[in-house]
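First comes the structure, then the notes that go with it.
Numbering (our numbering), first residue to last: 612 to 665.
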């Protein structure tokens with residue numbers, strides 16, 4: 612998973628930071644954080660699907 616996706620995922624899902632604060636910490640807009648989260652979750656789903664189906 613790319614670094615920005617991983618950072619956004621960790622800040623939002625593990626550290627429970629608000630979207631605005633996550634965006635400020637990453638130096639991007641809130642919409643960019645949403646895009647990173649969407650892509651990170653898609654990536655995780657794909658990895659889990661591959662892992663579970665084996």
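From the three backbone atoms N, C-alpha and C, an ideal C-beta is built for every residue, glycine too.
The structure presented is a predicted model; accordingly, all values stated were derived computationally and were not measured.
Handout entry: Backbone secondary structure at residue 667 - three-state DSSP
Key = An answer regarding residue 667 cannot be provided, because it is not within the stretch 612 to 665 covered by the chain.
Exercise for the section: Whole angstroms is fine: what's the gap from residue 655's alpha carbon to residue 624's? Expected result: Residue 655 sits at position 44 when you count from the first residue of the chain shown. Residue 624 sits at position 13 when you count from the first residue of the chain shown. The straight-line gap from Cα to Cα measures roughly 13 Å.
Exercise for the section: Please work out which residues of its chain come closer than 7 Å, Cβ to Cβ, to residue 622, disregarding the five sequence neighbours upstream and downstream, and give them in chain order. Expected result: Here the question's residue 622 lines up with position 11 in the chain shown. Excluding residues within five positions, the ones whose Cβ falls inside 7 Å are 628, 633, 636.
Problem - residue 616 vs residue 651 beta-carbon contact at 7 Å - result: Against the chain shown, residue 616 aligns to sequence position 5. Against the chain shown, residue 651 aligns to sequence position 40. Cβ distance < 7 Å, so residue 616 and residue 651 count as in contact.
Handout entry: Whole-angstrom distance between residue 644 and residue 618, CA atom to CA atom
Key = Residue mapping note: residue 618 aligns to position 7 of the chain shown, counting from 1. Residue mapping note: residue 644 aligns to position 33 of the chain shown, counting from 1. If you take the alpha carbons of residue 618 and residue 644, they lie about 9 Å apart.
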